[in-house]
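Undergrad: One structure follows; several queries about it will come next.
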Amino acid sequence: MLIAKDLMQRGADNKTYCISINLAVLKFATSAGSLSLTNGSHCDSEDEVAYSEVCQMSNAVPVYDMNWMTASLKASMKLYTFEKAEMLLSKVLFLKAWFPSLCVAAFHAELDTVDREACPQSEQYARLLSVRKGLDSAVHGESHWRRDATDGA
Numbered sequence: 001m002l003i004a005k006d007l008m009q010r011g012a013d014n015k016t017y018c019i020s021i022n023l024a025v026l027k028f029a030t031s032a033g034s035l036s037l038t039n040g041s042h043c044d045s046e047d048e049v050a051y052s053e054v055c056q057m058s059n060a061v062p063v064y065d066m067n068w069m070t071a072s073l074k075a076s077m078k079l080y081t082f083e084k085a086e087m088l089l090s091k092v093l094f095l096k097a098w099f100p101s102l103c104v105a106a107f108h109a110e111l112d113t114v115d116r117e118a119c120p121q122s123e124q125y126a127r128l129l130s131v132r133k134g135l136d137s138a139v140h141g142e143s144h145w146r147r148d149a150t151d152g153a
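For the sequence shown, counting from 1, position 51 maps to 51 in UniProt numbering; every step adds exactly one.
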C-alpha cells in the first residue's frame, strides 16, 4: 500500500487516481506433496475461481499478509490467494485519505458471489460492497454509505 501511495504522490499533477482490484480468487495447484510459499515452489496450474470456493472451507484458517494486505489459504495441494472484505475496505480508506478523488476498477466482480448453502455466513458481493463503502465514506468523518442505495449498486 505504501508503494501505491508513493507512486500516486509522484504523479501529483493528476487529478484522479484509479486502482484496479481483482475480485477473483487465484487458485494454484501442485502435485508435489505439500505446498509451501518458498521460492522455487513448483506450480502445476493456476485458475481464477469464485470466492465461494474459499468461504466454504470453514475448517481452514486464512493467513494474512499485512505487507501486501492480502489473504492466502492452503488446502490439500492447493494454495488460494484472495482479497478479504475487511482488507479491501482498509486499502480503499487508506488511499482515499491521501487521494480523495480515488476511483476503483473492480474486475471479475462476477466471481465475488457466494453459494448461500455452502457459505451461509457470507454476504453476496461483500467484497465489492466494501469497496463501495470505502469510496462512499467521508475522508475524515462519518460515513454516508447506505446499504440500500437507490442507484442499485
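Glycine included, C-beta positions come from ideal geometry on N, C-alpha and C.
#1: Can you tell me whether Glu110 is buried or exposed? The criterion is at least 16 other CB atoms within 10 Å of its CB, across all chains shown.
#2: Is the number of C-beta pairs between the stretch 107-124 and the stretch 46-60 that are closer than 8 Å three or more?
#3: In chain order, what residues of the same chain lie with their CB nearer than 7 Å to the CB of Asp44, ignoring the 5 residues before and after it?
#4: Between the Cα of Leu102 and those of Val63, Ile21, Glu46 and Leu135, spot the shortest distance and give me the residue it belongs to.
#5: Strictly by DSSP, which residues pair up with Thr30?
#6: Where does Phe107 sit, in a helix, a strand or coil, going by DSSP?
#7: Can you list, in chain order, the residues of its chain whose CB lies under 8 Å from that of Glu86, leaving out five sequence neighbours each side?
#8: With Cys55 as the anchor, note down where its alpha helix (DSSP H) starts and where it stops.
#9: Bridge partners of Asp65, per DSSP?
#10: Go ahead and label Ser122 buried or exposed: buried means 16 or more other beta carbons lie within 10 angstroms of its beta carbon, across all protein chains shown.
#11: May I ask which residues mark the beginning and end of the alpha helix (DSSP H) holding residue 155?
TA: To lay it out plainly:
#1: exposed
#2: Taking a cut-off of 8 Å for Cβ pairs, the stretch 107-124 and the stretch 46-60 touch, as three or more such pairs fall below it.
#3: Ala29, Thr30 and Ser31
#4: Leu135
#5: Answer is none; Thr30 lacks a bridge partner.
#6: strand
#7: Ser130
#8: Ser52 to Cys55
#9: Bridge partners of Asp65: Thr70.
#10: buried
#11: This structure cannot settle anything about residue 155, because the visible part of the chain is limited to 1 through 153.
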